[in-house]
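J.:
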Amino acid sequence: MLNDKNIYKPIRAKLTDVIDESQLIKTFVLVPEDKFSFKTGQFIELSVDGIGEAPFTPSSSPLVTEKLEITVMKTGYVTEYMHMLKPGVYMGIRGPYGRGYPIESFFGKEVLILGGGCGLAPIRSLLYALEGIKDKLVKVILCYGSKTPADCIYKPLFDRLNSTEKFEAYRTVDKADENWNGSVGVATTLLNKIKINIENSVAVVCGPPIMMKFGTIRLLELGYKDDQIYLSMEKNMSCGLGKCGHCMMGEFFVCKDGPVFTYDEIKHNPEIWK
Amino acid sequence: MQYNSFTKEEWDKTLEHLLLSYTIFASIENEFGQDYELIRPADIARISYNKPKPATSLKSFFLPVKENVTSERVDEKPRIILGIPNCDIEGLCLLDQIYLDKEFNDIFYRKRRENTILISSDCFGIQEYCHCLSYGIKPYSSKNADLAVINLDGKIVLKIITGKGEDFIKKIPTARSLEDKSVISVIEKEQLATETLLATSNKGLPDYKKTGKLVSEAKAEIWEKYSARCVSCGACTTICPTCTCFLLIDKPGFEKVKQMDACQYPGFERVAGGEDALFELHNRFRNRYMCKYVWKPGKFSSLACTGCGRCIEACIGKINKNEIFMELAK
């Protein structure tokens with residue numbers, strides 16, 4: 000039996016706080032008017048009234064349901080308007096959509112997370128979810144790269160993770176500044192520093208397309224099997240419902256069949272790195 | 000299969016009566032060719048039967064070019080669409096799979112679908128670019144329309160196909176079962192004649208199964224060569240009975256307008272950062288073929304090209320997809 004819900008109609012959510020993360024990145028704290036929850040890795044369509052709508056994966060914990068946080072980089076028409084919003088206004092939310100991270104299948108394993116740039120937003124949500132099930136995991140390692148130290152968001156997150164049992168977090172930058180004394184190089188260079196039992200691990204990659212591609216190649220070189228690598232794919236999306244056709248990646252609708260895929264599921268498709 | 004029959008006079012009167020409770024669209028021949036028109040009583044005698052095929056595809060009755068999908072609707076009068084070729088009926092099956100999906104059904108599409116009686120019309124004869132049979136689609140409907148209509152020299156025969164069609168017929172007092180069974184063999188003869196015409200006209204055209212392999216293995220030069228005359232107007236996708244892509248446009252008050260879109264338009268896949276996988280014309284051109292013959296078949300059980308040939312008729316660059324397939328099949 001098909002239900003009578005209007006799939007195109009957003010629910011309203013009050014913007015209660017805007018947090019500056021970096022020059023181009025802000026986190027928007029939203030309190031939805033109706034009951035709303037999501038699974039980590041799923042995304043929402045967030046709209047600025049009368050302006051436009053864009054897909055974002057929440058960066059907050061899926062265990063917190065009374066509010067959600069969306070971290071947004073100013074990069075296009077809609078996000079430019081978002082960055083001008085002040086607390087108190089209402090935004091529109093549709094979703095949650097898609098298939099997130101299958102964290103139950105990570106039980107008993109070591110989880111390697113390779114992230115770059117604004118990809119840390121969905122990863123933060125994943126980390127919160129993994130913290131909630133850490134008793135069932137062997138360990139979690141985060142390797143994160145940003146362009147410069149100033150571009151790194153959620154800086155307190157790294158110290159918190161490093162003081163959390165079973166969690167390790169590493170950072171690198173493509174280009175250092177005078178105050179930086181950590182690693183320099185792309186995110187994949189951090190993989191040389193870590194100790195991980197590849198056979199009993201899964202790897203999650205989330206970041207800009209170029210990093211996803213080279214991150215996957217490096218993980219395969221290290222011995223990860225195709226079905227041990229989880230990729231969070233990004234495409235132009237309009238509806239989020241597997242209908243509008245914008246996000247088609249081969250036979251997949253990224254919005255509905257993904258956005259999280261194993262490399263094994265999509266490797267046959269030459270379009271994935273485009 | 001159950002058949003009902005009417006004299007043409009009875010049928011026209013029946014339609015006139017049905018106009019009191021239904022909005023009727025039917026295929027009519029005018030000075031520009033064949034297309035669907037909104038029927039008033041005076042138009043009933045002009046309705047054409049068994050002629051391939053209306054210029055517009057059936058999808059426009061279910062997916063308007065533009066509609067507000069957040070506003071409340073009043074119930075519309077039920078509709079009858081009369082004279083639908085089977086290529087369009089089969090095309091609608093793919094739309095159903097997309098829009099009546101269990102997880103996310105589009106209530107606007109669904110209401111229109113539930114509210115509409117589909118009366119197909121067997122094609123007796125073909126148009127220049129018709130090639131349904133190459134893709135295994137018969138030029139007459141026997142499963143997905145509610146009813147099929149055949150006009151044989153003043154006798155109207157209605158074939159009942161679905162339960163919805165049966166319920167509809169029950170409400171028509173003038174309907175009576177077809178007694179002269181020899182009529183059925185006359186219909187079958189006409190159907191076979193159309194199939195023979197199609198087989199001759201489309202000789203050498205690869206079937207649907209082969210098209211996927213041909214498209215995915217085609218070299219970039221093929222797409223560059225054939226897209227050279229493409230102006231990205233999107234006529235092929237607009238006219239196509241199975242192209243369903245759209246864009247949601249925001250309006251004040253969190254309203255959304257759903258507008259038909261096309262992968263042939265520049266920027267269809269452009270993301271906020273500016274990257275655009277379909278920036279180049281030949282890639283957009285290829286995308287449509289990959290979607291129809293490789294990707295959609297990998298995902299859905301209904302065909303994503305039903306061989307109506309409208310994209311060939313509509314192309315102002317005179318790009319003929321059947322020529323591409325003939326070249327690929329060489």
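Line by line, the protein sequences are chains E and Y. Residue numbering for the first sequence follows numbering that gives the first Met the number 0, beginning at 0 and increasing consecutively. Residue numbering for the second sequence follows numbering that gives the first Met the number 0, beginning at 0 and increasing consecutively. Think of the CB as a built atom: it goes at the ideal place given N, C-alpha and C, for glycine as much as any other residue.
Could you tell me the distance, in whole angstroms, from the CA atom of E164/E to the CA atom of S104/E?
T.: Start at 1 with the first residue of the first sequence, and residue 164/E comes out as number 165. Start at 1 with the first residue of the first sequence, and residue 104/E comes out as number 105. Going by the C-alpha atoms only, they are around 21 Å apart.
J.: Whole angstroms are fine: how far does the CA of I140/E sit from the CA of N161/E?
T.: In the first sequence, the residue the question calls residue 161/E occupies position 162. In the first sequence, the residue the question calls residue 140/E occupies position 141. So the alpha carbons of these two residues sit roughly 10 Å apart.
J.: What did DSSP end up calling I271/E once you bin it into helix, strand or coil?
T.: Within the first sequence, residue 271/E is the residue found at index 272, counting from 1. In the structure shown, I271/E sits in coil (DSSP, three-state: anything other than H, G, I, E or B).
J.: Return no unless some Cβ of chain E is closer than 8 Å to the Cβ of T69/Y.
T.: For this step, residue 69/Y is matched to residue 70 along the second sequence. Answer yes: the Cβ-Cβ gap between T69/Y and chain E drops below 8 Å somewhere.
J.: Are the CB atoms of V259/E and Y127/E within a distance shorter than 8 Å?
T.: Walking along the first sequence from the start, residue 127/E turns up at place 128. Walking along the first sequence from the start, residue 259/E turns up at place 260. Result no, Cβ atoms of Y127/E and V259/E do not sit closer than 8 Å.
J.: Of all the options Y207/Y, V185/Y and E8/Y, which has the alpha carbon lying nearest to the alpha carbon of P296/Y?
T.: Here the question's residue 296/Y lines up with position 297 in the second sequence. Among Y207/Y, V185/Y and E8/Y, the Cα nearest to that of P296/Y belongs to Y207/Y.
J.: When DSSP labels each residue in this structure, what does G32/Y get in the three-state scheme?
T.: What you label residue 32/Y is simply residue 33 of the second sequence in a count that begins at 1. Here G32/Y sits in strand by DSSP.
J.: So, using beta-carbon positions, are P84/Y and S120/Y closer together than 8 Å?
T.: As a first step, residue 84/Y must be located in the second sequence, where it is residue number 85. As a first step, residue 120/Y must be located in the second sequence, where it is residue number 121. In this structure, S120/Y lies closer than 8 Å to P84/Y by Cβ.
J.: Going along the chain, which residues of the segment 41-65 of chain E sit with their C-beta nearer than 9 Å to a C-beta in chain Y?
T.: Answer set for the segment 41-65 of chain E: E44, S46, V47, D48, G49, I50, G51, E52 and A53.
J.: Anything in chain E within Cβ reach of A271/Y, meaning under 8 Å, just list it in chain order.
T.: In the second sequence, residue 271/Y corresponds to position 272, counting from 1. The answer, in chain order, is A53, T74, G75, Y76, V77 and T78.
J.: For E79/E versus T26/E, is the C-beta distance shorter than 8 Å?
T.: Within the first sequence, the letter at position 80 stands for residue 79/E. Within the first sequence, the letter at position 27 stands for residue 26/E. No, they are not a contact pair.
J.: What is the DSSP secondary structure of Y229/E, counted as helix, strand or coil?
T.: As a first step, residue 229/E is located in the first sequence; it is residue number 230 there, counting from the start. Correct three-state label for Y229/E: strand.
J.: Beta-carbon within less than 6 Å of L14/Y's beta-carbon, same chain only, minus the 5 sequence neighbours each way: which residues are those?
T.: Taking the first residue of the second sequence as position 1, residue 14/Y is located at position 15. Only I43 meet the Cβ criterion.
J.: Check the Cβ of T222/Y against every Cβ in chain E and list those closer than 9 Å, keeping chain order.
T.: In the second sequence, counting from the first residue as 1, residue 222/Y sits at position 223. It is Trp, not Thr, that sits at residue 222/Y in the sequence shown. Those within 9 Å of W222/Y in chain E number zero; the least Cβ separation is about 14 Å.
J.: Looking at the structure shown, is S20/Y part of a helix, part of a strand, or coil, going by DSSP?
T.: As a first step, residue 20/Y must be located in the second sequence, where it is residue number 21. Three-state result, S20/Y: coil.
J.: How about P95/E and Q41/E: do their beta carbons lie closer than 8 Å?
T.: Position 96 of the first sequence, counted from the start, is the residue given in the question as residue 95/E. Position 42 of the first sequence, counted from the start, is the residue given in the question as residue 41/E. Contact: yes.
J.: Mind listing the chain Y neighbours of D3/E? Cutoff is C-beta to C-beta under 8 Å, in chain order.
T.: Taking the first sequence and counting its residues from 1, one reaches residue 3/E at position 4. Around D3/E, the beta-carbon contacts reaching into chain Y at under 8 Å are I106.
J.: Judging by CA-CA distance, which residue of G181/E, A186/E and G222/E is the nearest neighbour of V201/E?
T.: Along the first sequence, one-based indexing puts residue 201/E at 202. Taking only the C-alpha atoms, the option nearest V201/E is G222/E.
J.: Report yes if the CB atom of G97/E is closer than 8 Å to the CB atom of C243/E, and no otherwise.
T.: In the first sequence, the residue the question calls residue 97/E occupies position 98. In the first sequence, the residue the question calls residue 243/E occupies position 244. Taking 8 Å as the Cβ cut-off, G97/E and C243/E do not qualify as a contacting pair.
J.: What is the DSSP secondary structure of S301/Y, counted as helix, strand or coil?
T.: In the second sequence, the residue the question calls residue 301/Y occupies position 302. S301/Y falls in the coil class under three-state DSSP.
J.: Going along chain Y in order, which residues have a C-beta closer than 9 Å to the C-beta of C243/E?
T.: Position 244 of the first sequence, counted from the start, is the residue given in the question as residue 243/E. Near C243/E (Cβ distances below 9 Å), the residues of chain Y are T243, C244, F245, L246, L247, K257 and D260.
J.: Do you know offhand how far T330/E's Cα is from I197/E's?
T.: This structure leaves residue 330/E out entirely; chain E is present only between 0 and 273.
J.: Going by DSSP, name the residue or residues bridged to S176/Y.
T.: Locating residue 176/Y in the second sequence gives position 177, where the first residue counts as 1. Beta-bridge pairing links S176/Y to N3/Y.
J.: Ends of the alpha helix (DSSP H) at I96/Y?
T.: As a first step, residue 96/Y must be located in the second sequence, where it is residue number 97. Contrary to the premise, residue 96/Y reads as Gln rather than Ile in this sequence. DSSP places Q96/Y in the uninterrupted alpha helix (DSSP H) bounded by N85 to Y98.
J.: Assign M83/E to one of two classes, buried (16 or more other C-beta atoms within 10 Å of its C-beta) or exposed (fewer than that).
T.: Mapped onto the first sequence, residue 83/E falls at position 84. So M83/E counts as exposed.
J.: So for T15/E, helix, strand or coil by DSSP?
T.: Locating residue 15/E in the first sequence gives position 16, where the first residue counts as 1. DSSP places T15/E in strand when its eight states are reduced to three.
J.: Would you report the Cα separation of P9/E and T69/Y, rounded to the nearest angstrom?
T.: As a position in the first sequence, residue 9/E is number 10, starting the count at 1. As a position in the second sequence, residue 69/Y is number 70, starting the count at 1. The straight-line gap separating the alpha-carbon atoms of P9/E and T69/Y is approximately 9 Å.
J.: Considering only their Cβ atoms, is the gap separating L280/Y from C242/Y smaller than 8 Å?
T.: In the second sequence, the residue the question calls residue 242/Y occupies position 243. In the second sequence, the residue the question calls residue 280/Y occupies position 281. No. Outside cutoff.
J.: Name the two residues that bound the continuous alpha helix (DSSP H) containing S124/E.
T.: Here residue 124/E refers to the residue found at position 125 when the first sequence is read from its first residue. That run of the alpha helix (DSSP H) goes L119 to G131.
J.: Which whole runs of the beta strand (DSSP E) in the segment 40-93 of chain E are 3 residues long or more, in chain order?
T.: 42-47, 51-55 and 67-72
J.: Hey, does R109/Y have any beta-carbon neighbour from chain E nearer than 8 Å?
T.: As a first step, residue 109/Y must be located in the second sequence, where it is residue number 110. It does; some Cβ of chain E falls within 8 Å.
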